[in-house]
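J.: Please see the structure below; I have some questions.
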Amino acid sequence: MGVREIPVDRITEVVRRLCIEANTILGDDVVAALETSLAIEESPVGQDVFRQLIRNADIARTEGIPLCQDTGMVVVFLEIGQDVHLTRGDLETAVNEGVRQGYRDGYLRASTLDPLTRKNFGDNTPAVIHTRIVPGDRIKVALAAKGFGSENMSQVALFPPSHGIDGIKKFVVGRVDAAGPNPCPPVVVGVGIGGTMEKAAILSKESLLRPIGHRHPNPDISQLELELLKEINNLGIGPQGLGGRITALDVHIETYPTHIGSIPVAVNLQCHSGRHKESII
Amino acid sequence: MPGSVVIHPPLSDDTVDKLAIGDRVLISGVIYSARDAAHKRLVELIRENRPLPMDLAGQIIYYVGPTPPQPGMPIGAAGPTTSYRMDPYAPILIEKGLKGMIGKGARGDAVIEAMKRYRAVYFAATGGAGALISKTIKRAEVVAYEDLGTEAIRRLEVEEFPAIVVGDVRGNDLYRDGRMRYRRE
Ligand code: SF4
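Sequence order for the protein chains is A and B.
In terms of my numbering, the first sequence is numbered consecutively and its last residue is 429.
In terms of my numbering, the second sequence is numbered consecutively and its last residue is 766.
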């Protein structure tokens with residue numbers, strides 16, 4: 149196969165567009181999940197919350213107002229075909245330029261700053277960028293605008309193997325319980341199991357890109373997802389933590405082989421405002 | 582929202598006393614925005630016995646850091662931010678006459694105590710309903726601390742701003758009670 153040349157400003161363009169779309173157009177899967185939840189929820193206050201969130205998505209889409217004032221930190225997953233040759237600049241600068249333009253042109257809030265001096269950069273750059281080289285001559289850009297009410301409630305733990313599946317379940321459910329109203333429930337719970345410390349964390353974040361309602365292809369893991377979902381919804385935390393039947397819209401698990409000495413587990417919480425979009429170049 | 586009570590700030594003790602957790606309210610009138618950095622400054626002024634940029638008596642403070650407004654709009658997305666970060670300051674403002682706070686998430690004991698003692702309420706707005714809430718804000722004007730950008734204190738004219746009473750003057754807390762009611766072992 150020949151080499152396909154792609155100028156990096158194509159990536160800037162796509163990232164710019166995805167930043168704006170992610171922040172104003174809620175995914176169909178999320179809207180459908182909010183509608184189903186409204187029908188199931190027993191708490192009147194919880195039903196109100198679902199009605200508001202459905203209207204909110206409608207207003208954001210038709211008027212271009214961001215879904216939430218926390219327009220997040222941008223996380224980009226890039227899958228770059230090994231037959232692609234990037235030209236006219238470097239990849240990471242191109243991605244960050246897309247973020248800068250998207251946040252400026254979409255009237256989105258700039259939230260990134262120096263972790264120690266706390267000085268705001270004013271343009272929401274840089275993004276957190278994860279890059280994989282894959283077969284082929286295309287680039288897949290998956291972009292998430294990650295709010296920090298839910299990011300702050302996330303956690304990684306490395307358990308001894310004796311902890312077993314029950315231990316994993318306790319940790320995940322306990323995490324959602326402790327987070328209570330803070331991550332803006334109903335949440336989507338992303339769980340990464342296996343690998344190393346950082347691999348588990350990345351898996352948990354990647355799992356959040358999967359549409360709500362899609363199960364893991366492995367039947368045992370898919371079963372575990374459903375068991376966790378049930379236990380989490382039994383917590384009673386409910387929409388916005390005000391009490392109710394629906395605390396989580398879904399649980400997504402991704403796994404990777406690990407070492408004989410450990411069970412790494414990461415829980416990444418995603419608020420109902422699950423803002424992610426993807427595009428293929 | 583059906584079954585909602587309409588309230589107009591400044592709030593009287595009588596209005597505040599009648600509100601109970603779980604009540605749905607629509608707020609119309611003037612409220613003020615402030616979050617972490619503005620709270621710090623307000624409390625410093627109070628400690629130094631200096632005048633505040635606005636009179637707190639009967640007022641409602643909304644914990645919000647909006648997105649920049651699009652041309653022709655008063656404000657951008659404007660949903661609530663997490664309230665516990667304001668807990669170290671809130672009791673001092675409540676003592677000074679603040680009657681209401683709007684945010685999201687549970688409050689600490691000192692805030693709940695101050696709400697009982699000086700009769701104030703805590704409302705939750707829906708986190709992540711930034712576009713919907715934006716539509717209820719008809720005018721926004723910076724009244725102090727312009728240098729804080731999104732965190733400046735703004736005077737907001739609101740019409741039917743939707744909120745839920747989550748903490749009342751009797752010390753009740755919907756975050757605790759609501760979860761208990763729906764919990765299954
Ligand atoms: S947790 Fe999500 S919905 Fe809630 S304020 Fe943050 S970004 Fe918005």
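Ideal Cβ placement from N, Cα and C applies to all residues, glycine included.
Keep in mind the model is a prediction, meaning the values are calculated, not measured.
What does D758(B) touch in chain A if you count any residue whose Cβ is under 8 Å from its own?
T.: Correct list: G391.
J.: Can you look up T172(A) in the DSSP assignment and give me helix, strand or coil?
T.: In this structure, T172(A) counts as helix in the three-state DSSP scheme.
J.: Taking only three categories from DSSP, how would you classify L637(B)?
T.: In the structure shown, L637(B) sits in coil (DSSP, three-state: anything other than H, G, I, E or B).
J.: Shorter than 8 Å from the beta carbon of S609(B) to some beta carbon of chain A?
T.: No, its Cβ sits nowhere closer than 8 Å to a Cβ of chain A.
J.: Which chain B residues sit within Cβ distance under 9 Å of R257(A)?
T.: Result: G646, P647, T648, P649, G657, A658, T731.
J.: Can you check the segment 250-300 of chain A for any beta strand (DSSP E) of at least 3 residues that lies completely inside it and give the ranges in chain order?
T.: If we require 3 residues or more, the beta strand (DSSP E) runs fully inside the segment 250-300 of chain A come out as 276-282, 287-294.
J.: Give, in chain order, every unbroken run of the alpha helix (DSSP H) that is at least 4 residues long and sits entirely within the segment 650-700 of chain B.
T.: Those alpha helix (DSSP H) runs which fall completely within the segment 650-700 of chain B and span 4+ residues are 671-676, 690-699.
J.: What are the complete beta strand (DSSP E) segments, minimum 3 residues, inside the segment 333-381 of chain A?
T.: You should have 335-342.
J.: What does G386(A) touch in chain B if you count any residue whose Cβ is under 8 Å from its own?
T.: Neighbours of G386(A) on chain B, chain order: G759, R760, Y763.
J.: Give the straight-line distance between the Cα atoms of P329(A) and S191(A), rounded to the nearest whole angstrom.
T.: The straight-line gap from Cα to Cα measures roughly 15 Å.
J.: Tell me the DSSP secondary structure of Y703(B) in three-state form.
T.: Of the three classes helix, strand and coil, the one that applies to Y703(B) here is strand, per DSSP.
J.: Taking the alpha-carbon positions, what's the A637(B) to V597(B) distance?
T.: For the record, residue 637(B) in the displayed sequence is Leu; it is not Ala. Taking the straight line from one Cα to the other gives about 15 Å.
J.: In three-state DSSP terms, what is L182(A)?
T.: Helix at L182(A).
J.: Which residue wins for smallest C-alpha separation from P661(B), given the options P650(B), E676(B), A705(B)?
T.: Comparing Cα positions, the closest option is A705(B).
J.: Hey, how far is the Cα of P402(A) from the Cα of C419(A)?
T.: The sequence shown places Glu at residue 402(A), rather than the Pro named in the question. Distance between the alpha carbons of E402(A) and C419(A) is about 19 Å.
J.: To the nearest angstrom, report how far apart R762(B) and G384(A) are at their CA atoms.
T.: Cα to Cα, R762(B) sits roughly 7 Å from G384(A).
J.: Using the C-alpha atoms, what's the distance from E169(A) back to K716(B)?
T.: Going from the Cα of K716(B) to the Cα of E169(A) covers about 20 Å.
J.: Residues around the ligand SF4, please: the condition is that the C-beta lies closer than 5 Å to some non-hydrogen atom of it.
T.: Cβ atoms closer than 5 Å to the ligand SF4 belong to C216(A), D218(A), G295(A), G297(A), S298(A), C332(A), C419(A), S421(A), G708(B), G709(B).
J.: Between which two residues does the beta strand (DSSP E) containing K425(A) stretch?
T.: 424-428 is the span of the beta strand (DSSP E), which, as asked, contains K425(A).
J.: Report the neighbours of Q200(A) on chain B: residues whose CB is nearer than 7 Å to its CB, in chain order.
T.: Simply T707, A710, L713, P743.
J.: Could you tell me which chain A residues have their CB closer than 8 Å to the CB of V747(B), listed as they occur along the chain?
T.: Those are L390, listed as they occur along chain A.
J.: Where does L374(A) land, buried or exposed, given buried means 16+ other C-beta within 10 angstroms?
T.: When all chains shown are included, L374(A) counts as exposed.
J.: Could you work out which residues of chain A lie near T663(B), taking near to mean beta carbons separated by less than 7 Å?
T.: Under the 7 Å cutoff, chain A gives G297, N330.
J.: For E732(B), which three-state DSSP category applies?
T.: It is helical.
J.: How do the segment 626-642 of chain B and the segment 672-684 of chain B stand: do at least 3 beta-carbon pairs fall below 8 Å, yes or no?
T.: Flag = yes, the segment 626-642 of chain B and the segment 672-684 of chain B touch.
J.: Looking only at its own chain, which residues have a Cβ that is under 7 Å from the Cβ of P90(A), when we skip the five neighbours before and after it?
T.: The requested residue 90(A) is not part of the displayed model; chain A covers only 149 to 429.
J.: Would a check of beta-carbon distances place C167(A) closer than 8 Å to chain B?
T.: Not closer than 8 Å to any Cβ of chain B, the Cβ of C167(A) fails to qualify, so no.
J.: Run through the DSSP bridge pairs and tell me what L383(A) is partnered with.
T.: Its beta-bridge partners do not exist; DSSP assigns none.
J.: With DSSP collapsed to three states, give me the class of H420(A).
T.: Coil, per DSSP.
J.: Report the start-end ranges of each beta strand (DSSP E) in the segment 189-251 of chain A that is 3 residues or longer and not cut off at the edges.
T.: Counting only runs of 3 or more, we get 221-229, 232-235.
J.: Would you tell me roughly how many angstroms separate the C-alpha atoms of G409(A) and L264(A), rounded to the nearest one?
T.: Whole-angstrom Cα-Cα distance: 35 Å.
J.: Does the beta-carbon of L261(A) have 16 or more other beta-carbons within 10 angstroms, so that it is buried, or is it exposed?
T.: Exposed is the call here.
J.: Rounded to whole angstroms, what's the CA-CA distance from D206(A) to G295(A)? Just pull it up for me.
T.: When rounded, the distance between both Cα atoms is 20 Å.
J.: R605(B) touches chain A at which residues, Cβ-Cβ below 8 Å?
T.: By Cβ distance, chain A contributes V193, D196.
J.: Only counting the same chain, and skipping five residues up and downstream in sequence, which positions put a Cβ closer than 6 Å to that of H400(A)?
T.: Same-chain partners within the cutoff: G338, S355, R358.
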